[in-house]
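Beneath this line is the structure, given in structure tokens, with notes to follow.
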Amino acid sequence: MKVLHTSDWHIGKRLLGRERIGEQREVLREIAALCERERVELVLVAGDVFDTYLPSSEAEDLFYTSVRELAGKDRAVVIISGNHDDHIRLAAATSLSEEFGIYIYGNVSHVPALSAVRKTHPVRAGAHFMEMENEAGERVFLNLLPYPTEARLKEDKNPDESFCDKMRRWIEAGEAENTEKLPSVFVSHLFVAGGKVSEGEREIDLGGARAVPLELLPASDYVALGHLHRKQHLGGRNVFYSGSILQYAFDEANVDRKVMLFDLGKEGVYNLKEVKLTSGKTLVRLAANSVGEAEELLKRYENCFIELTLFLKEPLIPSQIKELKEANEGLISIIPEIKADCALGEFASRKNLSASELFTEYYKSMYSDEPPKDLLELFMEISEARDET
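Residue numbers for the sequence shown follow this note's numbering, so the first one is 68 and each next one is one higher.
Structure below.
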């Protein structure tokens with residue numbers, strides 16, 4: 068069975084106020100065209116379809132239009148919810164979407180309807196798994212774990228059970244359903260310890276409390292992950308983050324956007340390849356020692372979004388800011404660093420620190436010591452709870 072793995076669409080996400088829904092439309096069309104060209108039979112979307120719990124009507128319209136195009140005439144699309152998604156709202160249209168081969172898992176005990184109308188279809192399904200069959204009668208098993216928290220999975224917190232113990236239990240419950248030992252894919256939205264995080268993502272490991280060890284992942288033929296915006300391969304087996312469909316933060320400026328494509332059969336994964344996405348604007352980080360130098364530099368980067376750091380001896384004046392923006396309309400962030408006798412890269416800044424790093428710095432400034440681990444974890448849990456309200 069030919070499979071495509073994508074994630075982290077973040078439909079509706081803006082960049083410092085700049086609308087990007089047009090770019091998202093283009094790149095989703097690019098993925099749909101790739102599916103047609105490569106004769107993909109099954110698309111896996113590993114979470115963070117939207118950027119907020121309450122997406123705009125335009126964002127929702129783009130989602131429904133794009134996912135219908137992805138499904139095509141006979142393709143199946145399986146979607147799980149991520150931490151940015153309202154898992155209940157995302158799955159609300161399942162009774163309609165399943166008629167078009169679109170199956171959405173959002174941490175609720177919905178069992179998809181079985182139908183053989185389309186060439187790729189489910190032949191067996193439960194609250195967190197599916198067995199898919201294509202026209203040739205080939206079957207694959209999907210263990211599906213949307214962004215896992217006790218609240219989303221309707222469980223009370225048990226102080227005697229660590230998060231890793233919970234993850235092991237949740238993963239094993241899905242694996243136990245693969246009674247025929249079919250070729251399998253584990254699909255989830257989580258943070259694997261050692262993964263590279265970008266600025267555009269919320270603090271996701273709760274100070275390490277929700278970092279999942281690589282060895283905890285099941286021995287599936289392929290592990291399709293979402294959550295991290297950089298495409299990355301973990302360990303010596305087929306464990307992949309496909310990465311986001313656009314560059315969503317300036318530290319992703321040099322990161323290519325990709326989807327994963329592979330065949331899955333009785334012999335396991337073969338014809339595995341990553342396909343680069345070309346739609347959407349490139350993000351660029353620039354630095355200069357003067358306004359004049361910056362203007363010349365800006366003219367070299369057309370059709371990009373630009374973050375410019377200026378190392379100056381005196382503050383910018385409004386007329387200089389206007390000149391810089393006229394030099395390139397893609398300039399959306401100017402970071403002035405003011406200091407006498409400056410040189411590029413000389414300044415320390417807190418702008419790139421994560422929430423946990425900022426909390427740690429504050430605690431050390433107050434108490435001259437590292438914050439206790441349980442206090443840091445409590446701070447991050449409160450931060451996450453705030454983001455989900």
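Glycine included, every Cβ here is placed at the ideal spot set by N, Cα and C. Computed from a predicted structure; not experimentally measured.
- Between the C-alpha atoms of Arg297 and Lys263 there is a straight-line separation of about 7 Å.
- Arg106 sits exposed, since fewer than 16 C-beta atoms from the chains shown fall within 10 Å of its C-beta.
- By the Cβ neighbour-count rule, His300 is exposed, with fewer than 16 other Cβ atoms within 10 Å of its own.
- Going by DSSP, Arg206 is part of no alpha helix (DSSP H) but of the beta strand (DSSP E) stretching over Arg206 to Leu212.
- Taking 8 Å as the upper bound for CB-CB distance, Met197 and Tyr170 are in contact here, some 7 Å apart.
- Just so you know, the alpha carbons of Leu212 and Ala113 end up roughly 9 Å apart.
- For Ser255, the pairing in a beta bridge is given by DSSP as Leu212 and Leu292.
- Cα atoms of Lys233 and Val259: separation of roughly 15 Å, rounded to the nearest angstrom.
- Residue environment analysis places Glu437 among the exposed positions, since fewer than 16 neighbouring C-beta atoms fall within 10 angstroms of its C-beta.
- Sequence-distant Cβ neighbours of Ile401 in its own chain, meaning closer than 6 Å and more than five residues away, are Leu375.
- Residue burial is scored here from C-beta neighbours: Ser251 has at least 16 other C-beta atoms within 10 angstroms and is therefore classed as buried.
- By the neighbour-count criterion, in which a residue is buried when 16 or more other Cβ atoms sit within 10 angstroms of its Cβ, Tyr429 is exposed.
- The Cβ neighbour count for Val306, taken over all protein chains shown within 10 Å, is at least 16; the residue is labelled buried.
- Beta-bridge partners of Gly335 (DSSP): Gly332.
- Within the same chain, and ignoring the five residues on either side of Thr349 in sequence, the residues whose Cβ sits closer than 6 Å to its Cβ are Cys371.
- With a 10 Å radius around the Cβ and a threshold of 16 neighbouring Cβ atoms, Pro382 comes out exposed.
- Boundaries for Gly193: no alpha helix (DSSP H) harbours it, while the beta strand (DSSP E) harbouring it runs His188 to Gly193, taken from the DSSP string.
- In terms of CA proximity to Lys340, Met327 leads the group Gly332, Met327 and Glu90.
- Membership of Thr132 in the alpha helix (DSSP H) is indicated by the continuous run Ser124 to Ala138.
- Lys431 sits in a helix when the DSSP states are folded into three classes.
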